[in-house]
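Numbering (our numbering), first residue to last: 310 to 450. Idealized CB from N, CA, C, for every residue including glycine. Remember, it's a predicted structure, so these values are computed and weren't measured experimentally.
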Amino acid sequence: MYCDSPQGDSARAVTADICAAFYRNVVYHSTVVRWYQRFEEGDISMKGRPRSGQLSALRARPKVTIHQLEMTLLCSQRTIIELGLWKLLSTWISHELTDSDKASRISVCDSLFPPHSDFPKDIEAGNERWVLCVKQTHHHH
Numbered sequence: 310m311y312c313d314s315p316q317g318d319s320a321r322a323v324t325a326d327i328c329a330a331f332y333r334n335v336v337y338h339s340t341v342v343r344w345y346q347r348f349e350e351g352d353i354s355m356k357g358r359p360r361s362g363q364l365s366a367l368r369a370r371p372k373v374t375i376h377q378l379e380m381t382l383l384c385s386q387r388t389i390i391e392l393g394l395w396k397l398l399s400t401w402i403s404h405e406l407t408d409s410d411k412a413s414r415i416s417v418c419d420s421l422f423p424p425h426s427d428f429p430k431d432i433e434a435g436n437e438r439w440v441l442c443v444k445q446t447h448h449h450h
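Written as structure tokens, this is what we have:
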């Protein structure tokens, strides 16, 4: 982007070039515009600027609606979802499991199965969903 900025290429053209070269919607036009503004200010470093603490604002008000969150963070619903946030029982939570969450799941499995069962040890607790699939076979006489 920095190489294209001094050449006079528009932010929209650069956005289209990047998306065509890598993947559809890999970068948004508004993001390229912000980078162009930084370049014009003389900031050519690739380091991100300090953030305004959006997640701390979310933790302070966990029962906020998605519309209120959009207004507070000045971003779209899609961006909120891409951050990996999910609303569960009217409280925003991260979709990622912590090591403590994973250990708790193993502990519950250990308490539910007989002491000599290897079943809980064979399951890795992670961000997966399990579905029981029962194949019924019909015997023809």
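query: What three-state label does DSSP hand Val-341 in the structure shown?; result: helix
query: Determine the burial state of Leu-421: buried for a count of at least 16 other Cβ atoms within 10 Å of its Cβ, exposed for fewer.; result: exposed
query: For Thr-388, which three-state DSSP category applies?; result: helix
query: For Leu-378, does the count of other Cβ atoms within 10 angstroms reach 16, so buried, or fall short, so exposed?; result: buried
query: Less than 7 Å between the beta carbons of Thr-324 and Val-335, yes or no?; result: no
query: Between which residues of its own chain and Ile-389 is the CB-CB distance below 8 Å, once the five residues before and five after are set aside?; result: Ile-375, Leu-378, Glu-379 and Leu-382
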